[in-house]
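Below is one structure, written out as structure tokens; the observations come after it.
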Amino acid sequence: MSHLPICGIVVYLTAAFLTPLLYKAHRRVAEGVFLASTLSNPVLQTLLILELSSNSWKPIVYTLGAAGPYEWTYPIRIVLEVDALSAFMALIVTSISAAVALFSIGYMEEDGLQKYYTLFLLLDAGMLGMVLTGDLFNLYVFLEITSISSYALVAFRKHQWEAVEAGMKYMIMGSLASTIILVSIALLYGEYGTLTMAQLGWQYRHHPTGMARVALAGLLAGFLMKGGIVPVHMWLADAHPAAPSTISALLSGLVIKVGIYSAARIAYSVFWMGTDVRLLGWLVVVVGAASIIVGNLLAGFQRDIKRLLAYSSIGQVGYVVTGLGIALIPGVNPEASRAALDGALFHLLNHAVLKAMLFLSVGAIVHSLGTRDIGYMGGIAKRMPLTSAVVLLGAMGIIGAPPLNGFVSKWMLYEATAIFNPIIGAIAVLGTAFSTVAYGRLFYALLGRESRLVADRSPRDPGLWMSVPMIFLAAASVLFGILPRIPVVGLVRPARAALLSPGSYTSWLKVAGGILSSPNLPPAGQPISVFGSWVPAVFLLVFAISIAFFLLIRNLSASGVRTVGEGVKAFLSGEDERDFEALQLPGTSVVWGFAEAVKSLVNALKREHSGDLTVYLFWLIFLYAVLILLWGGA
Amino acid sequence: MMVYLTAFALIMLGIAGMLFRRNLLKIIMALSVADSGAYLLLIAIGYRSGGTAPILTGYEGGPMVDPLPQALVLTAIVIGVCVLIMAVSLVVNVYRHYGTLDVSELRRLRG
Amino acid sequence: MNTIRSILAVSALLVILFTFILISFNPGYGLFSFGHPEEKSWRIALYKYYIENGANLSGGANIVTDIVFDLRGYDTLGEATVLFTAIAGALALLRRGGAK
Amino acid sequence: MISVAAQMVIQGIVLAGIFLTALYALLQKDLLASALMLAAMSLLMSLEFYLLQAPDVAIAEAAVGAGVSTLVLVLGIRKTGRWEE
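Each protein sequence line maps, in turn, to chains A, B, C and D. Counting along the first sequence from 1, when you hit position 250 you're at 232 in this note's numbering, and nothing is skipped either side. With positions in the second sequence counted from 1, the corresponding number in this note's numbering is that position plus 54. With positions in the third sequence counted from 1, the corresponding number in this note's numbering is that position plus 1021. With positions in the fourth sequence counted from 1, the corresponding number in this note's numbering is that position plus 29.
See below:
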């Protein structure tokens, strides 16, 4: 038996325990261990994927502490179960965190570094364990490792009130969600007497009971909260900006994805085949669509650049969840449901790459400027060309501009949602419009006229340690956009097939001696072409022409700065600006009309994000009760 | 039955306390009450009436209670304490910055 | 919290509590009855395996200890890691000084 | 061996005690008193665990719930304030 599944976790954990010890001896040694563990892990996960694919994507079941899971007819020990989806997630987690780790060597020049490295590695270990494990209680343990280290990392800059407040709110909400998850696990154990997820799925398929559905409601409410889905997303916009930028990249890029993964794993592999989940699927689609609207809309009205990115994360994760929800609903056009799932998983990968890249490069800007206000970032593109190019590339990717990876996955999701339901399709497109507004402001701000602060500080592009990961992520984003078939065929389709056939997740179980057959398998599905008429070369040409046009207009247009006026006001954030004189921006206000049009909606939403912790907790309980009513009681 | 009811009542009491109390330390205490409810629920699930503790020394046959939930609770108790430690160290920091533990004062981040 | 939200919160709590009471009392709903020696027909009696073979597998007379340290030893490792995380986190949060 | 009825009565008393101490802890304005009430609740919990044939958990709950938790909470209260406004 190959020991590959456990290796990654062991490497992270060993390094996490070693770093504080070595740091006392010599700082560089500790950093070496930190880098070695994070950089070697993607290799391990790639080997795992190769092993899986050479075995026609049959799940690898690894038992801890013994040769096989069976000493009886049921698995009695903790198992790690790696199927195509787990391996896909593991590769994302390890690769992105390798890039972030490389960046943080140059970025974190603060006190308490050895604790930073330790917590970073523990966060990685927790996430990797969550995606690889096949045992429900073990999932809870790893969830707690992930959560506790992320609470500590959010509040890591404890001398800032902002970090402490955000960490406190995140911690209380996250702990309540964890408690709900623990109660649900207890209910499931009481009902079926096992904790292995494959076994639970098999049991539920043959004996679906009301109590298991109540448990599912709790698990979903908890994991959706960890994934930052409307209406339990309020902690996210506080917590992600308050953390150091490297941690924001991990939180936005990976931690919420892992929450979504767990929800999907439980909904699909454990519960999907048991009963009709139409209502549940619709509920997931609705919260996903709400996330698209709320996240992307509020992103357009933030002055704080990291807060903008955090709200945009809510919106983009909404796309993923919408896709996952569509595939849950039975009776949808199978092509559409496959395309939705493909799009959702590919968007998950793309968003992880893009958001990590955005947070890292924005972090470099914020680090050198000392402010997070977009209004003061005018003209930084001239001073930090590389960083700004990466920021703008990431922004275009998130908007879904054609030659980049975000376009491909969003295109699949547009297709799928439009076939599924025109209203949801319209919401998907509307979300893109909103995010264009949000990131369009970024374009104007960065490329615009130089602000006084930028002139004073004269920031520079960061050094080699920080540039390499940014360039690496940007290259990945362009590569996935131009050659989408590589990740889609190699990683996403097997992962989709694994989700859509829960029978394969439980196929290794033996029940009463024989290998159990997997009933009601949906068709495994021939790969369909979901790219529409996507010819990268044409779009590249269009893109080059539009850049040429942009440069032409920019050079021909009248120069001059309009400092004060309605235009600047709406252009920045839609809020009343405090100090006009300090803002120096070209007054081309493209979003003024839009800001006026949606002002009442935005104000209502902003009132709801009142900062009151008990209100946030209320929404979690409310979601739980609604899930129970709609689904558990059925 | 009584044990289940008490467990669920403790969970609900904890959640209600988190929703309606305004002091942060009190909210954390409410969280630990809810956690205790979850532990009691797990142990109650494992109980078999007339069962003895799952220890083989001096065992004379007859039913035993389910040992697995007990193992889970042992793990969960430690995790609960870890959450408590983190929460209290965060609360100390909140007090340093805000001078109060009232959650309605703790809302500078919004919108 | 305002009044409407308080009412909603209380009703949400009541819904959850009612569901819990339902699942612990109503036999038709998929009940696990308290302390019932007989299992539901579909429930896996995994614990019987632990009771019969736990001592042979790991050699301890206390089956809970066997499970904690051997059969589910990985969870215990995770638990130790959580403890380590919490202590590292608390030390990071309570450290003196800090930049700026 | 105590009779089933007696055991029921004892359990009823212990469970009522758990619930009432938890309620009292959450309604109390004095944080120190509620921390001590939580410790009392933990002790009753460990008694209940013992009655439910879980001696290992009872020991752990008594040590961790009544000991470490209370210690951590009291340290937190010392660093902040004793009274809830």
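Just so you know, even glycine gets a beta-carbon here, dropped at the ideal spot from N, CA and C.
Residue i touches chain B at which residues, Cβ-Cβ below 7 Å?
{"i": "C:F1041", "result": "F62"}
{"i": "C:A1111", "result": "I139, M140 and S143"}
Tell me the rounded alpha-carbon separation between residue i and residue j.
{"i": "D:A45", "j": "C:I1108", "result": "35 Å"}
{"i": "A:G175", "j": "A:V344", "result": "49 Å"}
{"i": "A:G549", "j": "A:L164", "result": "Unreliable positioning characterises A:G549 in this predicted model, as indicated by a pLDDT of 43, which lies under 50. The coordinate reading is nonetheless provided below. Taking the straight line from one Cα to the other gives about 52 Å."}
{"i": "A:I405", "j": "A:I308", "result": "13 Å"}
{"i": "A:K581", "j": "A:R289", "result": "19 Å"}
{"i": "A:S500", "j": "A:P484", "result": "Low per-residue confidence applies at A:S500: pLDDT is 41, beneath 50, and the placement is therefore not dependable, though the value from the model is reported in the following sentence. Distance between the alpha carbons of A:S500 and A:P484 is about 8 Å."}
{"i": "D:T109", "j": "B:Y149", "result": "6 Å"}
{"i": "A:I603", "j": "A:G593", "result": "17 Å"}
{"i": "D:V33", "j": "B:G100", "result": "18 Å"}
{"i": "A:T545", "j": "A:A477", "result": "The predicted model places A:T545 with a pLDDT of 47, which falls under 50 and marks its position as unreliable; any figure quoted below should be read in that light. Taking the straight line joining both Cα atoms gives about 52 Å."}
{"i": "C:F1105", "j": "A:I527", "result": "56 Å"}
{"i": "A:L121", "j": "C:I1088", "result": "17 Å"}
{"i": "A:R439", "j": "A:I287", "result": "18 Å"}
{"i": "A:F85", "j": "C:Y1071", "result": "48 Å"}
{"i": "A:S511", "j": "A:S36", "result": "Note on A:S511: pLDDT 45, under 50, position unreliable in the model; no value is reported."}
{"i": "A:G357", "j": "A:V276", "result": "23 Å"}
{"i": "A:V584", "j": "A:L177", "result": "44 Å"}
{"i": "A:L461", "j": "A:L104", "result": "31 Å"}
{"i": "A:D220", "j": "B:Y152", "result": "17 Å"}
{"i": "A:Y293", "j": "A:A338", "result": "14 Å"}
{"i": "A:L446", "j": "A:L330", "result": "28 Å"}
{"i": "A:S622", "j": "A:S68", "result": "Outside the displayed range of chain A (-17 to 616) lies residue 622 of chain A, so it cannot be described from this structure."}
{"i": "B:N147", "j": "A:A(-2)", "result": "25 Å"}
{"i": "D:S63", "j": "A:G379", "result": "53 Å"}
{"i": "A:I497", "j": "A:L491", "result": "Because A:I497 carries a pLDDT of 42, less than 50, the predicted location of this residue cannot be relied on, and the following value inherits that uncertainty. Roughly 6 Å between the two C-alpha positions."}
{"i": "A:G204", "j": "A:V237", "result": "14 Å"}
Closest to residue i by C-alpha separation, out of the options, would be which residue?
{"i": "A:I336", "options": "A:A377, A:V303, A:L327 and A:A148", "result": "Here the sequence assigns Leu to residue 336 of chain A, which means Ile is not the residue at that position. Answer by Cα proximity: A:A377."}
{"i": "A:G263", "options": "A:Q298, A:A219 and A:S319", "result": "A:S319"}
{"i": "A:M153", "options": "A:H222, A:D286 and A:S77", "result": "A:H222"}
{"i": "A:I468", "options": "A:L395, A:N387 and A:S489", "result": "A:N387"}
{"i": "A:Y606", "options": "A:A410, A:L446 and A:V214", "result": "A:V214"}
{"i": "A:V75", "options": "A:Q27, A:L46, A:L428 and A:V61", "result": "A:Q27"}
{"i": "A:L186", "options": "C:I1065, C:L1035 and C:V1085", "result": "The displayed chain sequence assigns Tyr, not Leu, to residue 186 of chain A. Considering only alpha carbons, the answer is C:I1065."}
{"i": "A:S166", "options": "B:G68, B:Y93 and B:G134", "result": "B:Y93"}
{"i": "B:L155", "options": "A:N278, A:P312, A:A134 and A:E147", "result": "A:E147"}
{"i": "A:F102", "options": "A:R247, A:A83 and A:I311", "result": "A:A83"}
{"i": "A:S417", "options": "A:W184, A:G(-10), A:H188 and A:L280", "result": "A:L280"}
Please list the partners that residue i has in chain A, where partner means a Cβ-to-Cβ separation under 8 Å.
{"i": "C:F1031", "result": "Before going further, note that residue 1031 of chain C is Val rather than Phe in the sequence given. By Cβ distance, chain A contributes nothing, its closest Cβ being about 10 Å from C:V1031, past 8 Å."}
{"i": "B:M140", "result": "I130, Y133, A134 and M153"}
{"i": "C:T1024", "result": "Per Cβ cutoff of 8 Å: no residues; C:T1024 is ~13 Å from chain A at best."}
{"i": "C:I1037", "result": "I603, Y606, A607 and I610"}
Which chain C residues sit within Cβ distance under 8 Å of residue i?
{"i": "A:S77", "result": "Going along chain C, no residue has its Cβ under 8 Å from A:S77, so there is no contact; the nearest lies around 23 Å."}
{"i": "B:V132", "result": "E1100, V1103 and L1104"}
Which residues in chain D have a C-beta closer than 7 Å to the C-beta of residue i? List them in chain order.
{"i": "B:Y149", "result": "K108 and T109"}
Please compile the residues from chain A whose C-beta is within a distance smaller than 7 Å of the C-beta of residue i.
{"i": "C:I1072", "result": "Those within 7 Å of C:I1072 in chain A number zero; the least Cβ separation is about 12 Å."}
Kindly list, in the order they appear in chain B, the residues whose Cβ is closer than 9 Å to that of residue i.
{"i": "A:Y186", "result": "Within 9 Å Cβ-Cβ: nothing; A:Y186 doesn't reach chain B, min ~17 Å."}
By the criterion of Cβ-Cβ separation under 9 Å, what are the contact partners of residue i in chain C?
{"i": "A:A246", "result": "Chain C residues near A:A246: none, gap ~22 Å exceeds 9 Å."}
{"i": "A:F283", "result": "Going along chain C, no residue has its Cβ under 9 Å from A:F283, so there is no contact; the nearest lies around 24 Å."}
Quick one: list the residues of chain B neighbouring residue i, beta-carbon separation under 8 Å, in chain order.
{"i": "A:V123", "result": "T129 and I133"}
Along chain D, which residues have their Cβ under 8 Å away from the Cβ of residue i?
{"i": "B:R161", "result": "By Cβ distance, chain D contributes nothing, its closest Cβ being about 16 Å from B:R161, past 8 Å."}
Q. If you measure beta-carbon to beta-carbon, which residues of the region 87 to 115 of chain B are closer than 8 Å to chain C?
A. Against chain C - using a Cβ distance shorter than 8 Å - the residues of the region 87 to 115 of chain B are A98, I99, G100, Y101, R102, S103, G104, G105, P108, I109, L110 and T111.
Q.
Closer than 8 Å between beta carbons: that is the criterion. Which residues of the region 83 to 107 of chain D meet it against chain B?
A. Hits within the stretch, in order: A83, P84, D85, V86, A89, E90, V93, G94, V97, S98, V101, L102, L104, G105 and I106.
Q. Which residues, in order along the region 1077 to 1101 of chain C, keep a beta-carbon less than 9 Å from a beta-carbon of chain D?
A. Within the region 1077 to 1101 of chain C, N1083, V1085, T1086 and V1089 place their CB atoms closer than 9 Å to a CB of chain D, listed in sequence order.
**Q.** Three CB pairs or more closer than 8 Å across the region 93 to 105 of chain D and the region 141 to 150 of chain B
**A.** Using a Cβ-Cβ distance cut-off of 8 Å, the region 93 to 105 of chain D and the region 141 to 150 of chain B are in contact, since at least three pairs of beta carbons, one from each stretch, lie closer than that value.
**Q.** Given 8 Å, three or more beta-carbon pairs between the region 366 to 383 of chain A and the region 404 to 424 of chain A
**A.** Judged by Cβ distances under 8 Å, the region 366 to 383 of chain A makes contact with the region 404 to 424 of chain A, as three or more pairs qualify.
Q.
If contact is defined by three or more beta carbon pairs under 8 Å, each pair taking one atom from either stretch, is the region 99 to 117 of chain B in contact with the region 72 to 85 of chain B?
A. Cβ pair count under 8 Å is below three, so no.
(Q) Quick check: the region 68 to 88 of chain A against the region 15 to 23 of chain A, are at least 3 beta-carbon pairs closer than 8 Å? (A) Taking a cut-off of 8 Å on C-beta distances, the region 15 to 23 of chain A touches the region 68 to 88 of chain A, as three or more cross pairs fall below it.
Q.
Below 8 Å, how does it come out for the region 291 to 305 of chain A and the region 199 to 217 of chain A: are there three or more Cβ pairs, yes or no?
A. The region 291 to 305 of chain A and the region 199 to 217 of chain A touch, with no fewer than 3 CB-CB distances between them shorter than 8 Å.
Q) On the three-pair Cβ rule with 8 Å, is the region 96 to 113 of chain A touching the region 128 to 147 of chain A? A) Under the three-pair Cβ rule at 8 Å, the region 96 to 113 of chain A counts as touching the region 128 to 147 of chain A.
Q) Is it true that the region 1024 to 1033 of chain C meets the region 222 to 232 of chain A, where meeting means three or more beta-carbon pairs spaced less than 8 Å apart? A) Three or more Cβ pairs closer than 8 Å define a contact, and the region 1024 to 1033 of chain C falls short of that threshold against the region 222 to 232 of chain A.
**Q.** Meets three-Cβ-pair contact criterion under 8 Å: the region 85 to 100 of chain D and the region 125 to 133 of chain B
**A.** They touch, by the three-pair rule.
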